[in-house]
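Engineer: First residue of the sequence shown: 3, per my numbering; consecutive thereafter. Heads up, the beta-carbon is just placed ideally off N, CA and C, and yes, glycines get one too. My questions all concern the structure below.
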Amino acid sequence: MIKINIKNTIDQSTQILELDESEIARRAFTIGRATDCDILLNSISVSRKHARISIIGDQLILVDNGSTSGTFFNDSQLIADQKHNIQSNGIYLIGPFELTFFDIQLNIKNESSEKTVLIRHLPNSYQPVAMIDKNAWKIWDGSKTKMTCTNIYNETHDVKTFSFTAQANTLFQYQAGQFATLHLNIDGKPVTRCYTISSTPSRPHSISHTIKRTPATGNYPPGVASNWLHDNMKIGDNIEISSPAGHFSCFAHPSNKLCFISGGSGITPMLSMTRWISDTGANVDVVFIHVAKEEKDIIARQELEMLSEQNKNIRLVFTLTRKDENNRWSGYTGRLSTELLQHAVPDLLARRVFVCGPAPFMESTKELLANGNFPMDRYHEESFGGPKPASKVGSETTIRNQNSGPRFGLQAVLGDLSQSFTHTETQPDEFDAQPSPNNSSTTDQITFSKSDITVQSNGETILEAAESSGLSLPYGCRQGMCGACKAIKSDGNLQQDNYDDSILSEDDKDAGYILLCTGKAKGPIVVDA
């Protein structure tokens with residue numbers, strides 16, 4: 003056993019701890035004021051995770067975790083993240099506590115490297131944890147990164163999960179519930195789409211997207227990227243992924259009581275957050291309500307049921323909107339209702355609510371909660387909007403948007419319901435778009451100099467005008483959030499109403515870059531595209 007004498011220099015109290023060297027050899031022991039530390043030092047001048055001790059070879063090692071007040075040995079401050087061989091009877095000062103190690107007798111051969119322990123975190127303090135050799139691994143900075151598909155599996159009859167790892171040794175860091183941009187090459191043309199990250203940052207060596215096949219419905223075309231992934235992506239194939247973004251995450255809005263409400267493929271960000279909460283052992287009570295058409299449409303059902311079985315703080319509620327002809331379903335049926343919420347979540351008013359799904363589902367859910375006096379400052383939503391319909395022009399079928407706003411997207415209302423942002427999400431081709439009046443000007447001509455094409459904008463965004471003329475330009479989120487569509491405007495002006503280019507750097511703006519997906523012409527303009 004290893005003994006530590008801990009003296010509080012303020013009240014002069016002392017205690018002696020005995021530590022099992024075999025346990026320290028298996029995992030590092032944490033020192034700090036967080037209640038889950040192995041050695042608890044209760045003082046505000048001690049960091050939550052101040053330092054750690056471990057056994058490497060035949061040495062007892064102390065490492066300061068970059069703490070605020072530092073760790074001192076015989077009045078000399080230890081260098082953060084640098085291994086220090088603990089000396090018998092040496093005095094180590096952490097805040098007001100003096101730690102003296104004695105009877106250090108190590109009878110264990112441990113040739114492995116120091117280990118970092120996956121400890122309990124609350125959502126607002128979590129960062130991915132892994133064994134990191136700083137010379138071999140890097141943290142993903144969100145830049146466009148080459149990925150290899152390592153796994154594909156069927157979630158339902160029309161939903162697949164695609165898993166990727168970076169070709170360079172990369173650990174993925176993001177917030178559970180965020181989305182990322184996939185850069186694809188479809189029929190020789192670059193195509194970019196934004197999809198929710200359905201995996202969890204607590205498993206940082208890979209990243210996954212759960213994507214639904216989207217067939218053509220009514221006047222709406224099939225999903226270009228989603229169907230291509232279903233039909234063409236194979237294990238071992240390479241693509242590029244970039245830009246984790248978005249604020250629809252319980253990381254950004256921590257609470258110890260949550261309610262997730264999802265409809266259809268809107269389950270994907272909830273999967274990420276639920277997996278993360280379960281993996282990190284966060285002290286969070288979750289009620290997860292999912293609305294599906296039929297039993298066969300419930301995405302990740304077996305995994306969710308397993309997580310709920312293993313974690314008493316996660317409770318599942320499934321409801322089906324279509325009648326079960328075989329009468330095998332014994333759970334809830336019908337759409338989300340006041341009665342269902344009262345029965346399934348009696349303490350709903352005490353929870354923070356996250357909602358995601360198709361636009362009609364979002365609207366009805368928001369109205370349901372508002373009418374039930376839910377405090378809407380604790381309501382967060384992320385909804386799938388509608389695509390552009392296909393229309394016949396001569397003998398060719400073209401795709402044209404009739405929206406004055408984004409053509410399709412993911413709308414998130416965070417806290418203040420008067421402020422929102424949008425981005426393309428998992429199934430952008432699934433739901434109806436709402437047409438709006440066309441208030442174009444005949445003087446708003448757009449010249450694409452590289453393509454030698456001039457078009458009328460007709461009140462559309464520059465990207466929409468390009469597509470209406472048959473010109474294919476790169477884009478991603480179509481909401482001004484990913485920057486994939488940026489291009490140089492060499493002449494002319496943009497309408498400034500509702501134009502937000504904050505995603506662009508100052509260097510980009512100085513160079514003349516604009517966002518084609520949200521920019522609209524104000525008079526004649528020239529774009530280098």
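Using the beta-carbon count (16 or more within 10 Å), is T282 buried or exposed?
Structural biologist: buried
Engineer: Out of curiosity, what's the CA-to-CA distance linking N44 and F99?
Structural biologist: 9 Å
Engineer: Could you check where the alpha helix (DSSP H) with A372 kicks off and where it finishes?
Structural biologist: Run containing A372: 361-373, per the alpha helix (DSSP H) assignment.
Engineer: Residues in its own chain within less than 6 Å of I316 by CB, not counting five upstream and five downstream?
Structural biologist: V288, L309, S310
Engineer: Considering only the beta carbon of each residue, do G34 and S49 sit closer than 8 Å?
Structural biologist: yes
Engineer: Identify the continuous beta strand (DSSP E) that holds V226 and give its terminal residues.
Structural biologist: No beta strand (DSSP E) holds V226; the alpha helix (DSSP H) holding it covers 226-234.
Engineer: With DSSP run on the structure shown, which of helix, strand or coil describes M483?
Structural biologist: coil
Engineer: Which residue's Cα is closest to the Cα of N91: R215, N10, K148, I6?
Structural biologist: I6
Engineer: In chain order, what residues of the same chain lie with their CB nearer than 8 Å to the CB of T11, ignoring the 5 residues before and after it?
Structural biologist: Cβ-Cβ distances below 8 Å link T11 to P98, F99, E100 in the same chain, with the five nearest sequence neighbours on each side left out; the list follows chain order.
Engineer: In the DSSP assignment, find the unbroken beta strand (DSSP E) run with H292 in it and report its ends.
Structural biologist: 287-294
Engineer: Identify the continuous beta strand (DSSP E) that holds D66 and give its terminal residues.
Structural biologist: 61-66
Engineer: Consult DSSP for I237 and reduce its assignment to one of helix, strand or coil.
Structural biologist: coil
Engineer: Exposed or buried, M364, counting other C-beta atoms within 10 Å across all chains shown (16 or more means buried)?
Structural biologist: A residue is called buried once 16 or more other Cβ atoms fall within 10 Å of its Cβ, and M364 is buried on that count.
Engineer: Rounding to the nearest angstrom, what Cα-Cα distance links I41 and N500 in this structure?
Structural biologist: 54 Å
Engineer: Just reading off the beta strand (DSSP E) that K9 is part of, what are its end residues?
Structural biologist: K9 -> beta strand (DSSP E) spans 4-10.
Engineer: Please list, in chain order, all residues of the same chain as G2 whose beta carbon is under 8 Å from its beta carbon, the five residues on each side excluded.
Structural biologist: The structure shown has nothing for residue 2, since the chain only spans 3 to 531.
Engineer: Here's the rule I'm using: 16 or more other beta-carbon atoms within 10 Å means buried, otherwise exposed. How should G336 be labelled?
Structural biologist: With fewer than 16 other beta carbons inside 10 angstroms of its own, G336 counts as exposed.
Engineer: Would C519 pass as a contact of C196 if the rule is Cβ separation under 8 Å?
Structural biologist: The Cβ atoms of C519 and C196 do not sit closer than 8 Å to each other.
Engineer: Return the CA-CA distance between T152 and L184, expressed in angstroms with no decimal places.
Structural biologist: 15 Å
Engineer: Kindly indicate which residue of W142, Q14, V293 has the alpha-carbon position closest to the one of G265.
Structural biologist: V293
Engineer: Could you pull the DSSP bridge partners for V355 from this structure?
Structural biologist: For V355, which the question treats as bridged, DSSP gives the partners C261, Y381.
Engineer: Among I4, T158, A53, D143, whose alpha-carbon lies nearest the alpha-carbon of L108?
Structural biologist: When each option's Cα is compared against that of L108, the closest is I4.
Engineer: Using the Cβ count rule (16 or more neighbours within 10 Å means buried), how would you classify A372?
Structural biologist: Counting Cβ neighbours within 10 Å, A372 comes out exposed, since fewer than 16 surround it.
Engineer: If you reduce the DSSP assignment to three classes, tell me which class K524 lands in.
Structural biologist: strand
Engineer: By how many angstroms is the C-alpha of A182 removed from the C-alpha of L496?
Structural biologist: Whole-angstrom Cα-Cα distance: 28 Å.
Engineer: I'd like the span of the beta strand (DSSP E) that includes L465, first residue to last.
Structural biologist: Not the beta strand (DSSP E): L465 falls in the alpha helix (DSSP H), residues 464-470.
Engineer: Run through the DSSP bridge pairs and tell me what M149 is partnered with.
Structural biologist: Bridge partners of M149: A168, I241.
Engineer: If you run the structure through DSSP and keep just helix, strand and coil, what is Q14?
Structural biologist: coil
Engineer: Rounded C-beta distance between K1 and I455? I'm assuming under 8 Å.
Structural biologist: The shown model of the chain, from 3 to 531, leaves out residue 1, and the question about it has no answer.
Engineer: Taking the beta strand (DSSP E) that I516 belongs to, which residues open and close that run?
Structural biologist: 515-517 is the span of the beta strand (DSSP E), which, as asked, contains I516.
Engineer: Taking just the CA atoms, how far does R29 sit from D22?
Structural biologist: 11 Å
Engineer: Spatial neighbours of M149 within its chain, please: CB distance less than 8 Å, with the 5 preceding and 5 following residues excluded, ordered by chain position.
Structural biologist: F166, T167, A168, Q169, I209, N240, I241, E242, I243
Engineer: So, at 8 Å on beta carbons, what are the nonlocal neighbours of F376 in its own chain, with the 5 sequence-adjacent residues on each side left out?
Structural biologist: L350, L351, V355
Engineer: What's the C-alpha gap between S204 and I154?
Structural biologist: Taking the CA atoms as reference points, S204 sits about 20 Å from I154.
Engineer: The beta strand (DSSP E) spanning L475 covers which residue range?
Structural biologist: Looking at the DSSP string, L475 is not in any beta strand (DSSP E), and its letter there is neither H nor E.
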